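Asker: One structure, pasted below without further comment.
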Amino acid sequence: MDGTTNMRVLIALGIIALFGIITFALVAATLGTLNQRYDRLDKQIVDLMGQVMSISQTPSTTTTEVYETSN
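And the structure:
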């Protein structure tokens, strides 16, 4: 009887370990994907900030006309 009980416990521990390994692999894959997406977003933000800075440093050629209104 002790042999079957030990075998059942060993099988249960093996199944739990297998699910733990699968969970760990899925979490690692998910975090890797999220990390790549956030890196891409950071790069896009830096590029956008560079464009905004270059636009703000160029002199503007637009003029503003003021019209008088009659009362």
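In terms of the working numbering, the sequence shown opens at residue -12 and continues consecutively. Where a beta carbon is used, it is the ideal one built from N, C-alpha and C, also for glycine. Just so we're clear, the structure is a prediction, and the values are computed from it rather than from any experiment.
1. Classify Ser43 as helix, strand or coil using the three-state DSSP reduction.
2. Given this structure, state the Cα-to-Cα distance separating Val14 from Leu0, to the nearest angstrom.
3. Taking the alpha-carbon positions, what's the Ile42 to Glu55 distance?
4. When DSSP labels each residue in this structure, what does Tyr25 get in the three-state scheme?
5. Give every residue of the same chain whose Cβ lies closer than 7 Å to the Cβ of Ala16, excluding the five residues on either side of it in the sequence, and list them in chain order.
Answerer: According to the structure shown:
1. helix
2. The C-alpha of Val14 lies about 21 Å from the C-alpha of Leu0.
3. Spanning the two alpha carbons is a distance of roughly 32 Å.
4. Of the three classes helix, strand and coil, the one that applies to Tyr25 here is helix, per DSSP.
5. none
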